[in-house]
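For the sequence shown, our numbering begins at 731 and goes up steadily by one.
Quick reminder that beta carbons are idealized off the backbone N, C-alpha and C, glycines included.
This structure is a prediction, so every number in the text was calculated from the model and none was measured.
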Amino acid sequence: MRWRRRQHAENETVTEARLLDEEVDKRLAASRRARPDHERRGQRVQDQMVRNHFGELFRLSMEGR
């Protein structure tokens, strides 16, 4: 029974992480569309940095730091 509760909690955490990723992706896409073409260069690198940053914050919050 304890394993099921722990598994359920882990599944919720994964779901929260996916929802957070989707929200970040939506915001990045919206901000990307608002920019002229000449400002889009290198945007993928910045997007990845933002995703990594939010992923790290989420991981730390799950560890209770």
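Residue of the options minimising C-alpha distance to residue i
i	options	result
Val780	Ala764, Thr743, Arg757 and Leu749	Arg757
Leu787	Val754, Gln773, Arg765 and Gly772	Val754
Ala759	Gly785, Gly794 and Gln778	Gln778
Residue i versus residue j: straight-line alpha-carbon distance, rounded
i	j	result
Asn782	Leu790	12 Å
Gly772	Asp751	20 Å
Ala747	Asn741	10 Å
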